[in-house]
Amino acid sequence: NTRKPVVSFHGHVPASGKTLKRIHRPTFCNVGSDSFILSGGENSHAISMFQVDEETNDASASSLRSVFSRGKLPDGSGDVGSMAVHSNQVAVTVEGGEVIVLTPQS
Numbered sequence: 047n048t049r050k051p052v053v054s055f056h057g058h059v060p061a062s063g064k065t066l067k068r069i070h071r072p073t074f075c076n077v078g079s080d081s082f083i084l085s086g087g088e089n090s091h092a093i094s095m096f097q098v099d100e101e102t103n104d105a106s107a108s109s110l111r112s113v114f115s116r117g118k119l120p121d122g123s124g125d126v127g128s129m130a131v132h133s134n135q136v137a138v139t140v141e142g143g144e145v146i147v148l149t150p151q152s
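If you use the numbering used here, the sequence shown corresponds to residues 47 to 152, in order.
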């Protein structure tokens, strides 16, 4: 049923009270046996990571989930444009047209 989301994720956009003007497309990312959703957010200058678990796939109850982890982009990068995931790397377009490649750090 598309009328009622199974899960809603929040916290990837700073609370400013302003109307958002850009859509940041999320992408799925698997790390080992764990699944995550990665997303940018207007004026966040970061990539937010949301954990997806078995409860997320339970259509019997809708839930609201917060950010699992947030990675700040290098200074001067601006906002995230689009992202692509390959293995343990994430390619991110940023303001100014640059593409940066990021890898997770333990």
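Backbone N, C-alpha and C define an ideal beta-carbon position, used for all residues, glycine too.
Bear in mind the structure is a predicted one, so any value in this text is a computation, not a measurement.
Report the residue from the options whose alpha carbon sits nearest the alpha carbon of residue i.
{"i": "Gly87", "options": "Asp80, Leu110, Thr139, Val131", "result": "Thr139"}
{"i": "Asn89", "options": "Val77, Leu110, Ser123, Ser115", "result": "Ser123"}
{"i": "Phe114", "options": "Asn76, Ser94, Pro51", "result": "Ser94"}
Can you round the beta-carbon distance between residue i and residue j to whole angstroms, since I take them to be within the 8 Å contact cut?
{"i": "Val131", "j": "Thr73", "result": "6 Å"}
{"i": "Glu141", "j": "Asp125", "result": "6 Å"}
{"i": "Phe55", "j": "Phe96", "result": "4 Å"}
May I ask you to report which of helix, strand or coil DSSP gives residue i?
{"i": "Phe96", "result": "strand"}
{"i": "Gly127", "result": "strand"}
{"i": "Arg111", "result": "strand"}
Could you check whether residue j and residue i sit closer than 8 Å to each other, using their CB atoms as the reference points?
{"i": "Gly117", "j": "Ala137", "result": "no"}
{"i": "Arg111", "j": "Val53", "result": "yes"}
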